[in-house]
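Count along the sequence shown starting at 1, add 3, and that's the number in the numbering used here.
Just so it is clear, CB atoms sit at the ideal spot from N, CA and C, and this is done for glycine as well.
As the structure is a computational prediction, the values presented were derived from the model and not from experiment.
In what follows, a structure is listed as structure tokens, so that the remarks can point back to it.
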Amino acid sequence: MSQSSVLAEWVLPAAVCAPVTWVCLVWRFREDGRLLGTVRSTLAAVAVVLWTSGMAALASGLLLPHASSVPPAAVGAVAGLGLVPKRKLEQSGEHPLMAIVTLGDSLLLSGLALRLQTDRAEWSYRMSSGFQDCWDLDAFADRVCRHLLSRVDTSGRTGRARTNLKREIVERHRDVRTAAQKWITVETKIEKSCQQQARERTREELRQARRAFGEAEQYCAYLLDLAHAHGKRSDDKKIMELRRRSPWEAVAGPSAG
């Protein structure tokens, strides 16, 4: 086999498949996470690209000698486009051999999806934890809400999508405020009772306060989930800036009401 033949039948399909696969991954997971968000998600995405490109090269090298009319580049493009999600059919006409070939992609894609979900959950929890009380957490959630609302009206997003996203932001922010107010009510009641009876907090009172605070943190993480899903990695610096601001600092932006 000549060097030019190797390049045409093996290297070219892989070279064409790699960028096509990456574009398909970006489209497939556009609202599920950030492919380059962490080292682990980046490695998982690269593994999908390498595996798919390798399968394209293998298919081209083994099959094209028996089907010379098929361009090698077409094999790479088709292999990459295979990552575009398709509707599940009750009766699939897929050949059993193709199911075996695509099994590796299915496993890698499943691992990538799980990795993206984990990255988003860890990021949201990290951003919503560490507050001393719900006054600070509530103020931070208010700033995040205003920031998200200011980013809704972007090009490429339909009017219906904008309306739905605004409603979701406002609803999740309302949940944070409700949970924070619940903690404030519990905290105030416990503090007043302890002062009147000149005593320390009981274990049950500590549990109630911690549970209320935990609920507020959880709802704040749920709000931040939208920031991760619809924002870019560069927006993380903005979220950190909002977190470091004074609780009473005014925030410019549209109202969350």
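In chain order, what residues of the same chain lie with their CB nearer than 7 Å to the CB of Lys169, ignoring the 5 residues before and after it?
Here residue 169 is taken as the residue at index 166 of the sequence shown, counted from 1. Within the same chain, Lys169 has close Cβ partners Leu152 and Val155.
Cβ separation of Cys14 and Leu28, assumed to be a contact under 8 Å, to the nearest whole Å:
Stepping through the sequence shown from its first residue, residue 14 is reached at position 11. Stepping through the sequence shown from its first residue, residue 28 is reached at position 25. The displayed chain sequence assigns Val, not Cys, to residue 14. With a Cβ gap of about 21 Å, Val14 and Leu28 do not count as contacting.
Along the chain, where does the alpha helix (DSSP H) that runs through Arg149 open and close?
Working through the sequence shown from its first residue, we reach residue 149 at position 146. Start and end: Cys137 to Ser153.
One question on the structure: do Ile242 and Ala212 come within less than 9 Å of each other, judged by their Cβ atoms?
Residue mapping note: residue 242 aligns to position 239 of the sequence shown, counting from 1. Residue mapping note: residue 212 aligns to position 209 of the sequence shown, counting from 1. Against a cut-off of 9 Å, the Cβ pair of Ala212 and Ile242 comes out as no contact.
Kindly give me the distance between the Cβ atoms of Ala215 and Lys235, rounded to whole angstroms, as I take these residues to be in contact under 8 Å.
For the purposes of this step, residue 215 is taken as the residue at position 212 of the sequence shown. For the purposes of this step, residue 235 is taken as the residue at position 232 of the sequence shown. Their Cβ separation, rounded to whole angstroms, is 34 Å, which puts Ala215 and Lys235 out of contact at 8 Å.
Suppose you measure from the CA of Val179 to the CA of Ala230; what does that come to, to the nearest Å?
Position 176 of the sequence shown, counted from the start, is the residue given in the question as residue 179. Position 227 of the sequence shown, counted from the start, is the residue given in the question as residue 230. Rounded to whole angstroms, the separation of the alpha carbons of Ala230 and Val179 is 15 Å.
Identify the continuous alpha helix (DSSP H) that holds Asp178 and give its terminal residues.
Reading the sequence shown from its first residue, position 175 is the one you call residue 178. Counting along the chain, the alpha helix (DSSP H) containing Asp178 begins and ends at Gly162 to Gln200.
According to the neighbour-count rule (16 or more other Cβ atoms, all chains shown, within 10 Å of its Cβ), is Gly133 buried or exposed?
Here residue 133 refers to the residue found at position 130 when the sequence shown is read from its first residue. Burial call: exposed.
Determine the DSSP secondary structure at Gly217, reduced to helix, strand or coil.
For the purposes of this step, residue 217 is identified with residue 214 of the sequence shown, where counting begins at 1. Residue state, collapsed to three classes: helix.
Using the C-alpha atoms, what's the distance from Ala164 back to Arg177?
Stepping through the sequence shown from its first residue, residue 177 is reached at position 174. Stepping through the sequence shown from its first residue, residue 164 is reached at position 161. Those two C-alpha atoms are separated by around 20 Å.
With DSSP run on the structure shown, which of helix, strand or coil describes Ser237?
As a first step, residue 237 is located in the sequence shown; it is residue number 234 there, counting from the start. Residue state, collapsed to three classes: coil.
DSSP on Asp156, reduced to helix/strand/coil?
Within the sequence shown, residue 156 is the residue found at index 153, counting from 1. Here Asp156 sits in coil by DSSP.
Would you report the Cα separation of Thr181 and Glu203, rounded to the nearest angstrom?
Reading the sequence shown from its first residue, position 178 is the one you call residue 181. Reading the sequence shown from its first residue, position 200 is the one you call residue 203. The straight-line gap from Cα to Cα measures roughly 27 Å.
8 Å contact criterion, which Thr45 and Leu38 should meet: CB distance rounded
Mapped onto the sequence shown, residue 45 falls at position 42. Mapped onto the sequence shown, residue 38 falls at position 35. Rounded, the Cβ-Cβ distance is 7 Å, consistent with contact.
Put Thr55 into one of helix, strand or coil per three-state DSSP.
Counting from one through the sequence shown, the residue named residue 55 turns up at place 52. Helix, per DSSP.
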